[in-house]
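In our numbering, the protein residues as written are 728 to 871.
The following block contains the structure:
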């Protein structure tokens, strides 16, 4: 499998933080050869950004069962039942607000990626496709 970065995240966050991502403003600098592929994207208020969490080591030995958010009071569940960044493949996903497009640069708010993070794909957020009206989640996902 071959993945190629389409761009890079630029912001003031140099190390991962646990909270406050919703207020972080970032520039996603897209490879200039792909700038035309951004045409029409500025008609959307939100985007889904897929990125490679490059500071994590892919394939390292991971516990298969964990307490969500590292909280021992929450039930032990399989790693894929959590949003933990520690995964076999360090692919991150965020739904962000698009503030503006300037050429090959997308200014976004709410991207939980540090400065220098490779971006591997961008998709428009479309409620009809991306919103699951009948979504079910375990009780532990609320109020934590």
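Don't be surprised by glycine CBs; every beta carbon is placed ideally from N, CA and C.
Have a look at residue i and residue j and give me their C-alpha separation to the nearest angstrom.
i	j	result
residue 841	residue 776	13 Å
residue 830	residue 760	11 Å
residue 741	residue 803	31 Å
residue 864	residue 811	16 Å
residue 774	residue 851	4 Å
residue 799	residue 792	12 Å
residue 815	residue 808	13 Å
residue 868	residue 819	19 Å
Output yes or no for whether 8 Å exceeds the beta carbon distance between residue i and residue j.
i	j	result
residue 862	residue 837	no
residue 866	residue 752	no
residue 801	residue 794	yes
residue 825	residue 769	yes
residue 813	residue 789	yes
residue 779	residue 743	no
Can you check DSSP and say which residues form a bridge with residue i?
i	result
residue 829	832
residue 782	Paired residues: none, contrary to the question.
residue 749	DSSP output for residue 749 lists no bridge partner at all.
residue 820	777
residue 799	In DSSP, residue 799 forms no bridge with anything.
residue 792	805
residue 735	756, 845
residue 865	None; residue 865 has no bridge partner.
So residue i packs on residue j, CB below 8 Å; how close in whole Å?
i	j	result
residue 736	residue 832	Not really, about 11 Å apart at Cβ, beyond 8 Å.
residue 730	residue 847	6 Å
residue 781	residue 854	Between residue 854 and residue 781 the Cβ distance is about 31 Å, and since that is not below 8 Å, they are no contact.
Using 10 angstroms around the beta-carbon of residue i, count the other beta-carbons present and answer buried if the total reaches 16, otherwise exposed.
i	result
residue 857	exposed
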